[in-house]
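Peer 1: Have a look at this one before I ask anything.
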RNA sequence: GCCCGGGUGGUGGAAUUGGCAGACACAAGGGACUUAAAAUCCCUUGAGACUUGUUCUCGUGCGGGUUCGAUUCCCGCCCCGGGCACCA
């Protein structure tokens, strides 16, 4: 062993040793408590980036720590391998998506291994493996049979020049990212998962997650599901048998509803204007609005506009005729896609009414002012008593909500209802590189699912991908043409593939038994490992991925595959990696390649820095200089151990009563163990854990050369051994190397985590801050647990304290034991 | 626009339940060692004031408030970031 720290030599050596001894392989063992630690799996984009390094280092610290505290730790890794970049690579470089993907997987796997992560690589898979997506196809069929899958019309982004469907990401400022022509919304038949059926349970179970998930993620999910209680009201259309259904949370304003607004997408729009004078104008307006993107449409500053359809509906309580408009600000996605317009009490309706000279009727008057439709310049959206509402006049509007709803129920024109903002999950993608949807279209039998025994529906590999025209699968006749599973006659396959969020909605269950071939999961394995105890990943997944995974877990439970209600017991959301004030990205050119860092400073320094730079939840600012500090600390620690190695090897085990001069070191050692343990266990604050260990190293540097006596050496030995063990989850290579250097043979992952003696982890003297009238005037060391009267006496003796009290009488003394004493003395 | 976060020295951050603002690092400056450089080790380092102290004043995005005491709680702003259902 050399005396110099050479990460390039020791890191590959230990990675090999770990691999050869199968250190990270785990098996279900009911004798041991299990711990399932999972980080969000990566998309194989080509090379790992700093976000991966950060995410997987955080996970690795927890995984190794849990193993050292006696848990049977499952720590798997795999690849979220379907998605658009592979198709883009095919378009741009002519490389096959499967080849591109698996090459990336191999390269990134090598990179992850060079970081020394404790993955059980035996469980690895990619979601584009047919052995994986075949089960997804099975779930689709089972869900179809249960009524959880249906087909409906939906709007997609369409580029007329490329003749192709675009993802939102491919629409830049309303135009196609490739050819620059205007993108518009086009209707298409799509497959949907009925996630709304689970809306209430997804909302209720948020409560159960409140212990282990960040509050902000739960709030975001709650708002996304968006449950609101309201009233469904039916308006009869004059001259037609159809009714317009409206969802409103403000039925108290019904007497003030003077017109009706429909979303441009609403199916009634075409029927209403059909063969009328307004038909052309309406259709043009709808067409124009669908060419605008949704974010513009819903903004408050957006110019509200609409056109009259030529038809009227009847207000069910007043009997008055309400003109029906198509309005650009009404969203088809929320409620029923139709809004009863109450201009006096809704700002958007008010603006619309002013613009088109529609009647404004005030039906709610506040206590302290008198609202007049002639003079008002904005809608009144507050509380008050009803007016112009016949038998409901004088009632508080909050009571009127209930009373008018019951009235509507009596006259059979409406009912109380619960509305969710959450919409069903559209999973159809007109793309090649995804899991085929296992359905066929038969002229005789209609839509028919593939037979279970014929799964998987294999994605054909030999296709031409141009990025233009129809999906490549539609062009592949050998794929499209098939026979009907029911009648055996000629049939066509569904050529849409599934949203890649479907793969990531259940991958964590597959890790429990990744090699199971006759069913999706081995029930015993799943029963042992699930749920995931700790999930770690980016905050950008706070809503969609996590909600879909929760939904899928509940569906798979109801299909009888698993018992868990929720997939992830605890969640840690990690911040992004920022450089020069912006998220690291290729387009900004501010990428830092982790591979270069590993080559220069080693995996341990890279890991240490990514943990030390910021707490995990926060965005982390990258600085090139910071890694130098981490590297310097490792060198410093290395030298400390090498310098004291001989003493430590021959040293005595810890003594309970150390020599007086070393009591401070003993105390610092136990305090550090306590701090590091708590920081990992309860707070995930690795930056402060590392800072504490740095402090102990600094302390050791101060005294290491003055230690000779056997009893002193025993204190030193305890400190250094504890440090090596505690550092091992953070910087595993150097830790195992130094552990061996001081004469041990076991690997630290199998070594127990050190405990601390509470007696030594406590301070005996504390520094009390003395305030006079809330301003700090002195600091006094006192024995721990000093009584208030004694503390007061000591404080009053202090020169600077006397100076500020002068002759003023002491009115009050506030004492927070072991922290602060505040003397209130004002003349 | 809507929902959710964040803002502390030159920089990253610390302050765990309302109780000493700036731990630990980085950068910078000074010194030791060296023929020299690198490496290493030691010291100084929020701003300002003077009476240079166990000193005072100011200071946690901005403006108010609650409190003996506010980075922490409340109200109103400003700025930055994440998500918004076909990026993953």
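Numbering (the working numbering), first residue to last: 27 to 853. For every residue, glycine included, the Cβ atom is placed at its ideal position computed from N, Cα and C.
1. In whole angstroms, give me the CA-to-CA distance for residue 201 and residue 354.
2. Give a yes or no on whether the C-beta atoms belonging to residue 364 and residue 378 are separated by under 8 Å.
3. Alpha carbon to alpha carbon, what distance is there between residue 63 and residue 534?
4. With DSSP as the reference, label residue 424 as helix, strand or coil.
5. Considering only the alpha carbon of each residue, which of 199, 215, 216 and 69 lies closest to residue 209?
6. For the alpha helix (DSSP H) holding residue 81, just list the boundary residues, first then last.
7. Tell me which residue opens and which closes the beta strand (DSSP E) that residue 519 is part of.
8. With a CB to CB cut of under 8 Å and the five nearest residues on each side skipped, what residues in its chain are close to residue 673?
9. Residue 102 and residue 39 look like a contact to me (Cβ under 8 Å); what is the Cβ gap, rounded to whole Å?
10. Below 7 Å CB to CB, which residues in the same chain sit around residue 661 once its five sequence neighbours on both sides are set aside?
11. First and last residue of the alpha helix (DSSP H) that includes residue 829?
12. By Cβ distance below 7 Å, which residues in the same chain neighbour residue 551 in space, the five residues on each side in sequence not counted?
13. If you pair each beta-carbon of the region 66-75 with each one of the region 98-112, do three or more pairs fall below 8 Å?
14. Helix, strand or coil, according to DSSP, for residue 65 in the structure here?
15. Residue 478 to residue 454, Cα distance in whole Å?
16. Thinking C-alpha only, which one of 276, 569 and 308 is nearest residue 251?
17. Helix, strand or coil for residue 834? Go by DSSP, reduced to three states.
18. What residue does the alpha helix (DSSP H) around residue 655 start on, and which one ends it?
19. For residue 174 and residue 216, what's the separation of their Cα atoms in angstroms?
20. Give a single yes or no on whether residue 481 has its beta carbon closer than 7 Å to a heavy atom of the ligand GTP.
21. Give every residue of the same chain whose Cβ lies closer than 6 Å to the Cβ of residue 531, excluding the five residues on either side of it in the sequence, and list them in chain order.
22. Take residue 711 as the anchor and find which of 291, 136 and 644 has the nearest alpha-carbon.
23. Any idea what DSSP makes of residue 474, helix, strand or coil?
24. Looking only at its own chain, which residues have a Cβ that is under 7 Å from the Cβ of residue 391, when we skip the five neighbours before and after it?
25. Count the other CB atoms, across all protein chains shown, that sit within 10 Å of the CB of residue 687; report buried if there are 16 or more and exposed otherwise.
26. Quick one: any contact between the region 109-127 and the region 747-755, if contact means 3 or more CB pairs under 8 Å?
27. How should residue 735 be labelled, buried or exposed, when 16 other C-beta atoms within 10 angstroms of its C-beta is the threshold for buried?
28. Taking all protein chains shown into account, do 16 or more other C-beta atoms lie within 10 angstroms of the C-beta of residue 503, making it buried, or fewer, making it exposed?
29. Starting from the Cα of residue 565, find the closest Cα among 819, 473, 240 and 359 and give me that residue.
30. Alpha carbon to alpha carbon, how far is residue 151 from residue 665? Give it in angstroms, no decimals.
31. Take every Cβ of the region 457-477, pair it with every Cβ of the region 518-531, and state whether three or more of those distances are shorter than 8 Å.
32. Assuming contact is defined by CB atoms lying nearer than 8 Å, are residue 88 and residue 600 in contact in what I supplied?
33. Note down, one range per segment and in chain order, each beta strand (DSSP E) of at least 3 residues found wholly within the region 361-410.
34. Mapping the DSSP letters down to three states, classify residue 301 as helix, strand or coil.
35. For residue 724, does the count of other Cβ atoms within 10 angstroms reach 16, so buried, or fall short, so exposed?
36. Just confirm the distance between the C-beta atoms of residue 207 and residue 186, as a whole number of angstroms; I'd bet it's less than 8 Å.
Peer 2: If we stick to the structure as given:
1. Approximately 20 Å between the Cα atoms of the pair.
2. No. Outside cutoff.
3. Residue 534 and residue 63: Cα-Cα distance of roughly 10 Å.
4. Residue state, collapsed to three classes: helix.
5. When 199, 215, 216 and 69 are compared, the shortest CA-CA separation from residue 209 is found for 199.
6. 76-94 is the span of the alpha helix (DSSP H), which, as asked, contains residue 81.
7. 516-519 is the span of the beta strand (DSSP E), which, as asked, contains residue 519.
8. If we look at residue 673 and ignore the five residues flanking it on each side, its Cβ neighbours are 733, 739, 742 and 743.
9. Between residue 102 and residue 39 a beta carbon distance of about 25 Å is seen, past the 8 Å cut, so the two are scored as non-contacting.
10. Sequence-distant partners of residue 661 (beyond 5 residues in either direction) whose C-beta falls short of 7 Å from its own C-beta, in its chain, are 31.
11. DSSP places residue 829 in the uninterrupted alpha helix (DSSP H) bounded by 825-831.
12. The beta carbon of residue 551 sits closer than 7 Å to the beta carbons of 54, 538 and 539 from its chain, once the five residues preceding and following it are set aside; these are given in chain order.
13. In short, these stretches touch, since the Cβ pair count reaches three.
14. Look at residue 65 here: in three-state DSSP terms it is strand.
15. The straight-line gap from Cα to Cα measures roughly 21 Å.
16. Distances from the CA of residue 251 to each of 276, 569 and 308 were compared; the closest alpha carbon is that of 569.
17. Three-state result, residue 834: coil.
18. Residue 655 -> alpha helix (DSSP H) spans 652-676.
19. A direct Cα-Cα distance of roughly 14 Å separates residue 174 from residue 216.
20. The ligand GTP is not among the ligands present in this structure, which contains no ligands whatsoever.
21. Same-chain partners within the cutoff: 574, 575 and 578.
22. Residue 711 has its Cα closest to that of 644, out of 291, 136 and 644.
23. Look at residue 474 here: in three-state DSSP terms it is strand.
24. Taking C-beta separations shorter than 7 Å and ignoring five residues to either side along the sequence, the partners of residue 391 in its chain run 397, 410, 411 and 413, following chain order.
25. By the C-beta density criterion, residue 687 is exposed, having fewer than 16 other C-beta atoms within 10 angstroms.
26. Judged by Cβ distances under 8 Å, the region 109-127 makes no contact with the region 747-755, as fewer than three pairs qualify.
27. It is exposed - the Cβ of residue 735 has fewer than 16 other Cβ atoms within 10 Å.
28. So residue 503 counts as exposed.
29. It is 240.
30. Each residue's CA atom was taken as its position, placing residue 665 and residue 151 some 42 Å apart.
31. Because the criterion of three Cβ pairs below 8 Å is met, the region 457-477 and the region 518-531 touch.
32. When the beta-carbon positions are compared, residue 88 and residue 600 stay at least 8 Å from each other.
33. Runs of the beta strand (DSSP E) inside the region 361-410: 364-367.
34. Assigned with DSSP and collapsed to three states, residue 301 falls in coil, not helix or strand.
35. So residue 724 ends up on the exposed side.
36. Your pair residue 207 and residue 186 checks out as a contact, with CB atoms roughly 7 Å apart and the cut at 8 Å.
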